[in-house]
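Line order of the protein sequences matches chains A, B and C.
For the first sequence, my numbering assigns the number 410 to the initial residue and increments by one for each residue that follows.
For the second sequence, my numbering assigns the number 13 to the initial residue and increments by one for each residue that follows.
For the third sequence, my numbering assigns the number 653 to the initial residue and increments by one for each residue that follows.
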Amino acid sequence: MEIPAIVGAGLVVIGVGLGIGKIGGSAMEAIARQPESYGKIQTAMLIAAALIEGIGFAALFAV
Amino acid sequence: MRKKITVKTTTFLLLLISFFSYGKEDPAKEEKNAEIKAYIQHHLQDSYDFNLYSVTDDNGQIHHRGFPLPVILWDNGLKVFSSSKFHHGEAVAKAGGNYYKLDHGKIYKTDASGIINYDESHHATNVKPLDFSITKSVVMILITCILMFLLFKGLGRSYAKNGGIAKGVGRFFEPIVLYIRDDIAIPNIGEKHYKRYMSYLLTIFFFIWFLNIFGLTPLGVNVTGNIAVTTALALLTFLITNLTANKNYWKHIFWMPGVPVPMKVILAPIELLGVIIKPFSLLIRLYANMQAGHIVLMSLIGLMFIFKSWIGSSLSFGLSFAISLIEVLVALLQAYIFTMLSALYFGFAVEEHDHEEAH
Amino acid sequence: MEKLLEQFSVGLFFWQTVLFIALLFLLKKFAWKPILNAINEREEGIRDALTSAEKARREMENLQADNQKLLQEAHAEREAMLKEARDMKNKMVADAKEEAQAQASKMIEQAQAAIESEKKAAMAELKSHVAGISLGIAEKVLRQELSNKDKQIELVESMLGEAILN
């Protein structure tokens, strides 16, 4: 039995969602702990999220 | 407790509705579904005429109301004709001795009878002429460009007139300009170099934002959800990044300082791939977000016509209203992220750091 | 991916690039430069105003400090002057006292000396007086004594007797 590609894409999206959720959550915690370095944390968060998001898109468009 | 019950009830109702809508094998409904699907597909694509609305008359004939746009083809010489010749894809257009026909929103070269051949995966095998038509998206881009030019030129002039203080809409746009300068350009690029990139960052931010917002208007043209548009934007960021990059940037790509030699060899292709992936993710992100937003929004609106019951339709009305609000936010957020990441990449390109300290 | 490539429209890409670059240069020339310059100028103006206000404030503070200092100096000077005057007065009083003392003691001395000399003079006068009186008495006595011949001889003899003994 062959697993359809869309299922794989769905799995990737789950992974990506978890990953971005983790980044966002950690960033929130970091900001709560050090509100003064809000800007730096936000930038780092966006970079990391953007990289993971890229994988998600790659998976979605590979289908 | 009460709230919980309400949530449960709503969920149950939704499930019930979806069950019924699946359960009934109503041919009329199936047709409706297919029509809505085709409509959404059509909306997401670019088109050769500016369609304002369509009406179906009593005979089941669909009439499109709008205005035609010029088609410009390069096929052994320039061919310019009005898109009304296609009759919304139903007729073969003759121009300069050649025949063209629309198929799935694309122009193909055909013979006089307009036959389009397909291969086994349903791809048309006819020749595609080089197409420089002024499509709906191009019109929208043009309108946005003119609007932006008039708006910001007026804003620029109002500063000179009022002794350095913005007036009218400038009061709204000035904080945004300042935000882009103080919170996007300066922290990411640095005090020394940011001035070079300001024009680009401001233009790209407002361009994307305005186009995103125009996409949400009832005329809603999905311009930023078009891969060609986002590719053009990301390509500019890519070119600017790599053409203004300093020695340091290339050194970090090909010969990462501060790591052992075998690592340098491994890192070089990864970094080089990163150079391509960065703008690629930029273009895909904007495209996918806008595309997905339009699909969700239009599907929810389409559900209203599928349900045709007061509870289902009102539910999907509320949902599509909420999604519309979210989409307004997304329109701004995507413009912000595109600008922010562009600034970040420019920042990497002009970064000057001490290797001893940084690594 | 295939679908994406199929969707990609060269014409749209071309128009987007051309129009966007045109927009970029037009806006750069006619909008962003004037806007950013105006904002920069205004910000610089505000910054200048703030710094000059700060400067004025600091000057004011300096002035106040100067005033305070001046006042303090004046106070100190007055104090010093008062102190000097008091000292002077005290000294003068002391000097006057001393001089008076000295004068007094000198006068006393002089008086004593005068008294002494007066005393001496008086004594000397007294002596000569006494001598005179004594001579008178002696003359009188002698005259009385020598009025009778026996007594004269007797005296001469006693005197001679004394002279021989010497």
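No residue lacks a Cβ here, since even glycine has one placed at the ideal position from N, Cα and C.
> Between K290/B, L284/B, P272/B, which lies nearest to F250/B when the distance is taken from Cα to Cα?
Replying inline: Selected option, being the one with the closest Cα: K290/B.
>> Less than 8 Å between CB atoms is the rule here; does A459/A satisfy it with respect to chain B?
In response: True, the Cβ-Cβ gap to chain B drops below 8 Å.
> Closer than 7 Å: is that where the CB of I278/B sits relative to any heavy atom of the ligand HEM?
Replying inline: This structure lacks the ligand HEM; in fact it carries no ligand of any kind.
> Helix, strand or coil: which one does DSSP assign to P82/B?
Replying inline: If DSSP states are grouped into helix, strand and coil, P82/B belongs with the strands.
> How many angstroms separate the CA atom of A737/C from the CA atom of A748/C?
Replying inline: Taking the straight line from one Cα to the other gives about 16 Å.
> Considering only residues of the region 39-101 of chain B, which uninterrupted alpha helix (DSSP H) runs meet the minimum length of 4 residues and lie entirely inside it, listed in chain order?
Replying inline: Given a length threshold of 4 residues, each whole run of the alpha helix (DSSP H) inside the region 39-101 of chain B is given here in chain order: 39-56.
> If contact means a Cβ-Cβ distance below 8 Å, which residues of the region 699-723 of chain C contact chain B?
Replying inline: Along the region 699-723 of chain C, none of the residues has a CB nearer than 8 Å to a CB of chain B.
> Nearest to V342/B by alpha carbon, out of I278/B, L255/B, F226/B?
Replying inline: The residue with the shortest Cα to Cα distance from V342/B is F226/B.
> Measuring CA to CA, which of K113/B, L231/B, D115/B is closest to V151/B?
Replying inline: Nearest C-alpha to V151/B: L231/B.
> Taking a cut of 9 Å between CB atoms, which residues from the region 201-212 of chain B lie near chain C?
Replying inline: Listed by position along the chain: K207, M210, S211, Y212.
> Is it the case that the Cβ atoms of L159/B and F222/B are separated by a distance below 8 Å?
Replying inline: Judged by beta-carbon spacing, F222/B lies within the 8 Å limit of L159/B, meaning their Cβ atoms are closer than that value.
> Per DSSP, T122/B forms a beta bridge with which residues?
Replying inline: DSSP lists Y111/B as the bridge partner or partners of T122/B.
> Is A105/B helix, strand or coil when you go by DSSP?
Replying inline: If DSSP states are grouped into helix, strand and coil, A105/B belongs with the strands.
> A40/B: which of I119/B, F218/B, F319/B, G359/B sits nearest, CA to CA?
Replying inline: Among I119/B, F218/B, F319/B, G359/B, the Cα nearest to that of A40/B belongs to F319/B.
> Listing by chain order, which chain C residues have their CB less than 9 Å from the CB of D131/B?
Replying inline: Per Cβ cutoff of 9 Å: no residues; D131/B is ~13 Å from chain C at best.
> Just to confirm, are N254/B and E363/B a CB contact at a threshold of 8 Å?
Replying inline: With contacts defined by Cβ atoms closer than 8 Å, N254/B and E363/B do not form a contacting pair.
> Within 8 Å (strictly less), CB to CB, does G168/B reach chain C?
Replying inline: With 8 Å as the cut-off, G168/B counts as an interface residue toward chain C.
> Residues in its own chain within less than 8 Å of L344/B by CB, not counting five upstream and five downstream?
Replying inline: So the qualifying residues of the chain are W221, N224.
>> Would P82/B and S145/B be called neighbours here (beta carbons separated by less than 8 Å)?
In response: In this structure, P82/B sits near S145/B, with a CB-CB distance shorter than 8 Å.
>> How far does the alpha helix (DSSP H) with W262/B in it extend, from its first residue to its last?
In response: Boundaries of the alpha helix (DSSP H) around W262/B: 259-266.
>> Going by beta-carbon coordinates alone, are I239/B and T351/B separated by less than 8 Å?
In response: No, the Cβ-Cβ distance between I239/B and T351/B is not below 8 Å.
>> Looking only at its chain, what residues have a beta carbon closer than 6 Å to the beta carbon of L162/B, apart from the 5 residues adjacent to it on each side?
In response: Closer than 6 Å at Cβ, skipping near neighbours: no residue.
>> Between I450/A and I440/A, how many whole angstroms is the CB-CB distance? I'm expecting something under 8 Å.
In response: Contact check for I450/A and I440/A: beta-carbon distance about 5 Å, within the 8 Å limit, so the pair qualifies.
> Does DSSP put A178/B in a helix, in a strand, or in coil?
Replying inline: DSSP, read as helix, strand or coil, puts A178/B in coil.
> Does the separation of the CB atoms of L56/B and I307/B fall below 8 Å?
Replying inline: Result yes, Cβ atoms of L56/B and I307/B sit closer than 8 Å.
>> Which residue marks the beginning of the alpha helix (DSSP H) containing S354/B, and which one marks its end?
In response: Run containing S354/B: 322-362, per the alpha helix (DSSP H) assignment.
>> With a threshold of 8 Å between beta carbons, is I474/A in contact with chain B?
In response: No information on residue 474/A is available, as it lies outside the stretch 410 to 472 that chain A covers here.
> Are the Cβ atoms of Y130/B and T122/B separated by less than 8 Å?
Replying inline: Annotated as distal: Y130/B and T122/B, with beta-carbon spacing of 8 Å or more.
> Of all the options H135/B, F164/B, N234/B, E203/B, which has the alpha carbon lying nearest to the alpha carbon of A300/B?
Replying inline: Ranked by Cα distance from A300/B, the first of H135/B, F164/B, N234/B, E203/B is N234/B.
>> Could you check whether the Cβ of Y51/B sits closer than 8 Å to any Cβ belonging to chain C?
In response: Contact of Y51/B with chain C is not assigned, every C-beta pair being separated by 8 Å or more.
> Within 8 Å (strictly less), CB to CB, does A732/C reach chain B?
Replying inline: No, A732/C lies away from the interface with chain B (no Cβ there is under 8 Å from its Cβ).
> Are any of the Cβ atoms in chain A nearer than 8 Å to that of R193/B?
Replying inline: Under the Cβ distance rule, R193/B does not count among the residues neighbouring chain A, no pair being separated by less than 8 Å.
>> Taking the alpha carbon of K276/B as the reference point, which residue from V287/B, H264/B, G286/B, K91/B has its own alpha carbon closest?
In response: Comparing Cα positions, the closest option is H264/B.
> With a CB to CB cut of under 8 Å and the five nearest residues on each side skipped, what residues in its chain are close to I74/B?
Replying inline: Excluding sequence neighbours, I74/B sits near S66, V67, T68.
> For the region 234-260 of chain B, which residues have a CB atom closer than 8 Å to at least one CB atom of chain C, in sequence order?
Replying inline: Cβ contacts with chain C: N238, I239, A240, V241, T243, A244, L245, L247, L248.
>> Does the CB of A690/C have a neighbour CB from chain B at under 8 Å?
In response: Yes, because at least one Cβ of chain B sits closer than 8 Å to the Cβ of A690/C.
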